[in-house]
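Just below is one structure, and these are the notes that go with it.
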Amino acid sequence: MVTLRRPFGVHAANRPHSRTLGRWRSASLDFCGTPTIPLTVLRPCPHGRRGRHTRESGRVLVLVAPGQGAQTPGFLTPWLELPGAADRLLAWSAAIDLDLVHYGTKADADEIRDTAVAQPLLVAAGLLAAHALDGVRPDAVAGHSVGEITAAVLAGVLDETSALRFVRARGLAMAEAAAVTETGMAAMLGGEQDVVVGHLEGLGLTPANVNGAGQIVAAGTAEQLAALAENKPEGVRRVVPLKVAGAFHTVHMAPAVAALEAKAAELTVVDPKTAYVSNRDGAVVTGGEEVVARLVGQVANPVRWDRCMETFQEMGITALVELCPGGTLTGIAKRALPGVKPLALKTPADLDAARELIAEHTGPAA
């Protein structure tokens, strides 16, 4: 078992660097630190953590990217009306041999449910939205599941084309793993975390996403999920099947890890230029290689979005913007981060409000 500790010290390497990953190293990670190239002047965390985590003005912006299940038929149609967006999507489509324009504008729900399609489509959507925000410079970035790859681009770890090629390989590898056994995922609303997790383990299920109070996603075989629907944990109001193609972030995805290790060895990476919060444990990861190692291993490990939000709070977060197709993470933030201003980018109609919020939370102190 890999034991990871939350980083708040100073990274050993105090300068940016890039390298091509040759022989892939173990996912066992031991690191500490904060971003080596802070984009803003930050003050010490008010919670006593070491390192620079909060903006001198007291305003801290976090940019987040959603994961699978956020996509809906035709959701990219209005985004392609923005200058340069259609050309970008066509270029990315050619780079990964997947018609992202078709899947983002004309494909039906079943087509975009396929994880081999959904994953690159969501990363492309997030990158289009980020371009539309005119070079936004957040204090931290994070992504839920596949959204971590979008976040890696925003942090400067990966370039766009490399990220899309990597997520294309991720989607194909996870689709192949999902085809071995009929598996799925279901969200549970309500209930105490310890009670819910214990109940899931008794049924052989995995708490694949822990999103916050009263929102845990179970993953496992079709039979196990059927048993859950008949026998809900105490306190759970509803069990909602999710429109995903398999039991992601569980041992069922272990075969995909080897394929991604090989793909990761081809990547050129750079250390993050802004705080990159990992959804494995909420840690701030300061090394580019460490970011990619986590991207590889995370396909078979649970998403701990609750811990990401704890880290946001330690940073003194004041605003959160969720990239397209926004909504899910914004809803969680409204419940879990009182006093924080959240905004979801669903369509280009939300861009003006997003720019206004970003300016308010990244500008100089009043």
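All letters in the sequence shown, in the order written, are residues 5 to 370 by the numbering used here. Note that CB positions come from ideal geometry on N, CA and C, so glycine has one too.
Use the C-beta contact count for residue i: other C-beta atoms within 10 angstroms, 16 or more gives buried, fewer gives exposed.
i       : result
Val-248 : buried
Thr-185 : exposed
Ala-363 : exposed
Asp-275 : buried
Val-295 : buried
Arg-308 : buried
Gly-52  : Legend: pLDDT at Gly-52 = 37, less than 50; position of this residue unreliable, value from coordinates given subsequently. Exposed.
Ala-358 : buried
Arg-27  : In this prediction, Arg-27 has a pLDDT of 27, which is less than 50 and means its spatial position is unreliable; nothing more can be read from the coordinates.
Glu-314 : buried
Asn-305 : buried
Glu-85  : exposed
Asp-354 : buried
Val-171 : buried
Pro-87  : exposed
Ala-258 : exposed
Lys-110 : exposed
Asn-235 : exposed
His-106 : exposed
Arg-241 : exposed
Val-255 : exposed
Glu-360 : exposed
Arg-169 : buried
Glu-293 : buried
Ala-226 : exposed
Pro-142 : buried
Thr-272 : exposed
Arg-174 : buried
Asp-310 : buried
Val-244 : exposed
Val-199 : exposed
Pro-48  : In this prediction, Pro-48 scores a pLDDT of 39, lower than 50, which makes its location untrustworthy; no coordinate-derived value is stated.
Ala-89  : buried
Ala-262 : exposed
Pro-346 : buried
Arg-339 : exposed
Ala-183 : exposed
Ala-177 : buried
Ala-348 : buried
Gly-381 : Because the chain is modelled from 5 through 370, residue 381 falls outside the range shown and cannot be assessed.
Ala-323 : buried
Tell me the residue span of the alpha helix (DSSP H) that contains residue i.
i       : result
Leu-176 : 164-182
Lys-338 : 332-340
Thr-119 : 119-136
Ala-358 : 355-366
Val-64  : That residue, Val-64, is in no alpha helix (DSSP H); it is neither H nor E in DSSP.
Val-105 : 104-109
Ala-90  : 89-100
Considering just the uninterrupted stretch of the beta strand (DSSP E) at residue i, what are its terminal residues?
i       : result
Pro-346 : 345-348
Ala-146 : 144-147
Gly-372 : Lying outside 5 to 370, the shown extent of the chain, residue 372 is not represented and no answer is given.
Val-161 : Counting along the chain, Val-161 falls outside any beta strand (DSSP E), and DSSP gives it neither H nor E.
To the nearest whole angstrom, what separates the beta carbons of residue i and residue j, a pair I think is in contact under 8 Å?
i       : j       : result
Ala-223 : Ala-212 : 4 Å
Phe-252 : Met-189 : 7 Å
Pro-237 : Gly-195 : 5 Å
Pro-75  : Leu-131 : Checking the sequence shown, residue 75 turns out to be Gln, not Pro. That pair is no contact at about 14 Å.
Ala-260 : Ala-181 : 5 Å
Val-145 : Tyr-280 : 6 Å
Pro-124 : Leu-333 : Actually they are not in contact, since the Cβ atoms of Pro-124 and Leu-333 sit about 19 Å apart, beyond 8 Å.
Ala-129 : Gln-72  : 12 Å between Cβ atoms; not a contact.
Gln-219 : Ile-336 : 7 Å
Leu-67  : Val-161 : No, Leu-67 and Val-161 are not in contact; Cβ-Cβ is about 14 Å, not under 8 Å.
Gly-250 : Thr-187 : 5 Å
If we define contact as Cβ-Cβ less than 9 Å, is residue i a contact residue for chain C?
i       : result
Ala-363 : The question asks about chain C, but that chain is absent: this structure has only one protein chain.
Point to revise | the stretch 258-269 / the stretch 134-146 touching (three or more Cβ pairs under 8 Å) | key: no
Exercise for review: Examine the Cβ distances between the stretch 195-207 and the stretch 287-301 and report whether three or more of them are shorter than 8 Å.
Suggested key: no
**Study point:** Ordered list of alpha helix (DSSP H) runs contained in the stretch 207-266, each at least 4 residues
**Key:** 226-234
Review point. If you scan the stretch 267-325 from start to end, which runs of the alpha helix (DSSP H) of 4 or more residues do you find wholly inside it?
Key: 292-301 and 309-319
Check your understanding: Any chance the stretch 110-117 sits against the stretch 142-160, with 3 or more Cβ pairs inside 8 Å?
Key -> Flag = no, the stretch 110-117 and the stretch 142-160 do not touch.
Review point. For the 8 Å Cβ check, are there 3 or more pairs between the stretch 320-337 and the stretch 71-90?
Key: yes
Check your understanding: Counting pairs of Cβ atoms below 8 Å between the stretch 86-105 and the stretch 164-178, do you hit three or more?
Key -> The stretch 86-105, when compared against the stretch 164-178, does touch it at the 8 Å Cβ threshold.
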